[in-house]
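Chemist:
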Amino acid sequence: MLAIRGGAAFDGVSPVLVERPLVLVDDGRIVDVRAGGAPPPGAEVVDLGGATLLPGLVDAHVHLVFDASADPVGAIERLSDEELLDRMRTAARTCLAAGVTTVRDLGDRAYLALRLRDEVAAEPAAGPQILAAGPPVTTSQGHCWFLGGAADGVDGVRAAVRARAERGVDVIKVMATGGEMTPGTRSHEVQYGPDELRAAVEEAHRHGLPVAVHAHGVSGIENAVAAGVDTIEHCSFMTADGVDARPDLIEAIARAGIVVSTTLGVVPGFAPPPRISARLDGFLATVRQMRDAGVTVVCGSDAGIGPPKPHDVLPYGAEMLVECGYPPVAALRAVTSLAAQACRVGERKGRLTPGFDADLLAVDGDPLADITAVRAVAAVFRAGRRVR
């Protein structure tokens, strides 16, 4: 048995820290969380001094296949599958070193994230647990078509979902609108209408899989809500010349219980693409509106898509939620317990409680008082093994 002691602990939910916690771990699972007390006889003790213990972070939106370079698409085109897979291993280690112990990979090439998922399952210290979508479902020449997931029409979309289910994906990713990194598409313009999205949802749910829909533009978001998707990625309410956060549509998202997976956070010193930078204030105002309307918001990072988004960027997203008016405890939930629930692993990830996986992050400082402390990594444990 392993006994991990710290100065305080955030359990993933409560706004009150546990003082002098002792987290007991056996066979990769948490068996007890105590406030004070002595470790059991014979236990291996790891005393982290005054560090604050948290559940390992959950990134609801990453792309391990992208290398966070200035030309991630070009890098993909130049590399073989084996070369890409090796880069993805590096990206996974980068996530884990930052305390991100679970990731939802929402778009790869040739189902490489599934191969890496299985590798990491056999060797948890090699990276976070991966929930993989495979190539995203998109239209011919649509956003991220170069990943190999093109499908057109209702029948084409149904067949694409079935193919992914047969490959054993964890989630279906659908591109309802265009995107910034694909020439010839525009983020605010619709790619799939409500019929295609409804077909994707029906087929995915028939196989017990959730549907994550990339939707920037207002019409794309509206179609996603009408189709009954599980999560809306980005949900930025982009228009051709700005942002139009329609209150009626935000209220519809809240009523439907659809989770919004924002992709906030950039590392200092890097600016987002010009069209995104020009709308950033509008995006942040939209997040505030969704918070006020009661929409469940979790934080993904979109890690890998460019220099502002390296694979350890998620903590900056939590900081941006605080800038949007979220209390630090709400921002922490958005990258732990709520994110785990949105990714359908909330029964074993995102909390420090008995029976859950022993994925832990220890940081110097109190992130409930200063959210930036989440970047001051003191230790990381994955399935009960210390990896940093």
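Numbering (our numbering) for the sequence shown: 754 to 1141.
Idealized CB from N, CA, C, for every residue including glycine.
(1) Please identify the residue among Met928, Ile757, Leu1037, Ala762 whose C-alpha is closest to the C-alpha of arginine 1104.
(2) Relative to the C-alpha of threonine 805, which residue among Ala1005, Leu867, Arg951, Val769 is closest?
(3) Residues in its own chain within less than 6 Å of glycine 1070 by CB, not counting five upstream and five downstream?
(4) Tell me proline 808's beta-bridge partners as DSSP assigns them.
(5) Please list the segments of the beta strand (DSSP E) lying wholly inside the stretch 849-887, counting only runs of 3 or more residues, in order along the chain.
(6) Please determine if the stretch 1121-1128 and the stretch 879-899 are in contact, where contact requires at least 3 C-beta pairs separated by less than 8 Å.
(7) Would you tell me roughly how many angstroms separate the C-alpha atoms of methionine 934 and histidine 896, rounded to the nearest one?
(8) Answer yes or no: do valine 962 and isoleucine 1011 have a C-beta to C-beta separation smaller than 8 Å?
(9) Tell me the DSSP secondary structure of threonine 935 in three-state form.
(10) Is the distance from the Cβ of glycine 901 to the Cβ of leucine 1113 below 8 Å?
(11) I'd like the ranges of any alpha helix (DSSP H) spanning at least 4 consecutive residues and lying wholly in the stretch 891-951.
(12) In angstroms with no decimal places, state the Cα-to-Cα distance between glycine 995 and glycine 932.
(13) Look at alanine 903 and threonine 891 and say whether their C-beta atoms are less than 8 Å apart.
(14) Among Gly973, Arg1044, Ile1029, which has the Cα closest to the Cα of alanine 1007?
(15) Please identify the residue among Thr930, Pro1025, Ala1005 whose C-alpha is closest to the C-alpha of threonine 992.
(16) Taking the alpha-carbon of alanine 1092 as reference, which of Val815, Arg846, Pro794, Asp1001 has the nearest alpha-carbon?
(17) Taking isoleucine 1003 and valine 1048 to be in contact with their CB atoms under 8 Å, please state how far apart those CB atoms are, rounded to whole angstroms.
(18) Starting from arginine 787, trace the beta strand (DSSP E) in both directions and tell me its first and last residue.
(19) Look at alanine 844 and proline 1060 and say whether their C-beta atoms are less than 8 Å apart.
(20) So aspartate 983 and alanine 998 are in contact, right, with Cβ under 8 Å, and what is the actual spacing, rounded?
(21) Looking only at C-alpha atoms, which of Ala863, Arg959, His941 sits nearest to aspartate 834?
(22) Can you check whether the CB of glutamate 955 is closer than 8 Å to the CB of histidine 967?
(23) How is histidine 814 classed by DSSP in three states: helix, strand or coil?
(24) So, does the stretch 942-960 touch the stretch 910-923, judging by three or more C-beta pairs under 8 Å?
(25) Give a yes or no on whether the C-beta atoms belonging to glycine 1099 and arginine 782 are separated by under 8 Å.
(26) Near glutamate 1076, what residues of its chain come up, given a Cβ to Cβ distance below 8 Å and the 5 sequence neighbours on each side ignored?
(27) For methionine 754 and valine 786, which I take to be in contact (beta-carbon distance under 8 Å), what is that distance rounded to the nearest angstrom?
(28) If I measure Cβ to Cβ from glycine 759 and keep anything under 7 Å in the same chain, skipping five residues before and after, which residues do I get?
(29) What's the call for serine 940, buried or exposed, on a 16-neighbour Cβ count within 10 Å?
(30) Give the straight-line distance between the Cα atoms of proline 1000 and alanine 788, rounded to the nearest whole angstrom.
(31) Tell me, please, which residues DSSP counts as bridged to cysteine 1052.
(32) The alpha helix (DSSP H) spanning valine 1082 covers which residue range?
(33) When you compare only the Cα positions, how much space is there between alanine 796 and arginine 1139?
(34) In terms of DSSP beta bridges, what is leucine 1151 paired with?
(35) When the Cα atoms are used, what is the spatial distance from leucine 832 to arginine 1128?
(36) Where do the N-terminal and C-terminal ends of the beta strand (DSSP E) with glutamate 1076 fall, by residue?
Modeler: In this structure, then:
(1) Here the question's residue 1104 lines up with position 351 in the sequence shown. When only C-alpha atoms are compared, the closest one is Ala762.
(2) Counting from 1 along the sequence shown, the entry for residue 805 is found at position 52. Threonine 805 has its Cα closest to that of Val769, out of Ala1005, Leu867, Arg951, Val769.
(3) Within the sequence shown, residue 1070 is the residue found at index 317, counting from 1. Once the five neighbours on either side are set aside, the close Cβ partners of glycine 1070 are Leu1017, Gly1018, Cys1052, Ser1054.
(4) The sequence position of residue 808 within the sequence shown is 55, counting from 1. DSSP output for proline 808 lists Leu1113 as bridge partner(s).
(5) 853-858, 882-885
(6) no
(7) The residue given as residue 934 occupies position 181 in the sequence shown. The residue given as residue 896 occupies position 143 in the sequence shown. Methionine 934 and histidine 896: Cα-Cα distance of roughly 8 Å.
(8) Here residue 962 is taken as the residue at index 209 of the sequence shown, counted from 1. Here residue 1011 is taken as the residue at index 258 of the sequence shown, counted from 1. Sequence inspection shows leucine at residue 962; the valine mentioned does not correspond to that position. No, these two residues do not count as a Cβ contact at 8 Å.
(9) In the sequence shown, counting from the first residue as 1, residue 935 sits at position 182. Three-state result, threonine 935: coil.
(10) As a first step, residue 901 must be located in the sequence shown, where it is residue number 148. As a first step, residue 1113 must be located in the sequence shown, where it is residue number 360. For glycine 901 and leucine 1113, no; Cβs fall outside 8 Å.
(11) 906-920
(12) Taking the first residue of the sequence shown as 1, we reach residue 995 at position 242. Taking the first residue of the sequence shown as 1, we reach residue 932 at position 179. Going from the Cα of glycine 995 to the Cα of glycine 932 covers about 15 Å.
(13) Sequence index remark: in the sequence shown, residue 903 carries index 150 (1-based). Sequence index remark: in the sequence shown, residue 891 carries index 138 (1-based). Contact: yes.
(14) Within the sequence shown, the letter at position 254 stands for residue 1007. Comparing Cα positions, the closest option is Arg1044.
(15) One-based indexing of the sequence shown puts residue 992 at position 239. Among Thr930, Pro1025, Ala1005, the Cα nearest to that of threonine 992 belongs to Thr930.
(16) Start at 1 with the first residue of the sequence shown, and residue 1092 comes out as number 339. Residue Val815 is the option with its Cα nearest to alanine 1092.
(17) As a first step, residue 1003 is located in the sequence shown; it is residue number 250 there, counting from the start. As a first step, residue 1048 is located in the sequence shown; it is residue number 295 there, counting from the start. Contact holds; Cβ gap of about 6 Å.
(18) Here residue 787 refers to the residue found at position 34 of the sequence shown. Counting along the chain, the beta strand (DSSP E) containing arginine 787 begins and ends at 782-788.
(19) Your numbering for residue 844 matches position 91 in the sequence shown. Your numbering for residue 1060 matches position 307 in the sequence shown. Contact flag unset, no.
(20) Here residue 983 is taken as the residue at index 230 of the sequence shown, counted from 1. Here residue 998 is taken as the residue at index 245 of the sequence shown, counted from 1. That pair is no contact at about 21 Å.
(21) The residue labelled residue 834 in the question sits at position 81 within the sequence shown. Closest option to aspartate 834, Cα to Cα, is Ala863.
(22) Start at 1 with the first residue of the sequence shown, and residue 967 comes out as number 214. Start at 1 with the first residue of the sequence shown, and residue 955 comes out as number 202. No; because the gap between Cβ atoms is not below 8 Å, this pair is not in contact.
(23) To locate residue 814, count along the sequence shown from 1; it is residue 61. Here histidine 814 sits in strand by DSSP.
(24) yes
(25) In the sequence shown, the residue the question calls residue 1099 occupies position 346. In the sequence shown, the residue the question calls residue 782 occupies position 29. No, Cβ-Cβ distance for glycine 1099 and arginine 782 is not below 8 Å.
(26) The sequence position of residue 1076 within the sequence shown is 323, counting from 1. Closer than 8 Å at the Cβ level, and outside the excluded window around glutamate 1076, lie Leu1037.
(27) Position 1 of the sequence shown, counted from the start, is the residue given in the question as residue 754. Position 33 of the sequence shown, counted from the start, is the residue given in the question as residue 786. Their Cβ separation, rounded to whole angstroms, is 13 Å, which puts methionine 754 and valine 786 out of contact at 8 Å.
(28) Taking the sequence shown and counting its residues from 1, the one referred to as residue 759 is at position 6. Closer than 7 Å at the Cβ level, and outside the excluded window around glycine 759, lie Pro774, Leu801, Ala804, Thr805, Leu806, Ala1115.
(29) As a position in the sequence shown, residue 940 is number 187, starting the count at 1. So serine 940 counts as buried.
(30) Position 247 of the sequence shown holds residue 1000. Position 35 of the sequence shown holds residue 788. Each residue's Cα considered, the two are about 44 Å apart.
(31) The residue given as residue 1052 occupies position 299 in the sequence shown. Partner(s): Thr1015.
(32) Taking the first residue of the sequence shown as 1, we reach residue 1082 at position 329. Its alpha helix (DSSP H) spans residues 1081-1087.
(33) Stepping through the sequence shown from its first residue, residue 796 is reached at position 43. Stepping through the sequence shown from its first residue, residue 1139 is reached at position 386. Rounded to the nearest angstrom, the two C-alpha atoms are 15 Å apart.
(34) Since the first and last residues shown for the chain are 754 and 1141, residue 1151 lies out of range.
(35) Working through the sequence shown from its first residue, we reach residue 832 at position 79. Working through the sequence shown from its first residue, we reach residue 1128 at position 375. So the two alpha carbons sit approximately 32 Å from each other.
(36) Within the sequence shown, residue 1076 is the residue found at index 323, counting from 1. Per DSSP, glutamate 1076 belongs to no beta strand (DSSP E); it is in the alpha helix (DSSP H), 1067-1076.
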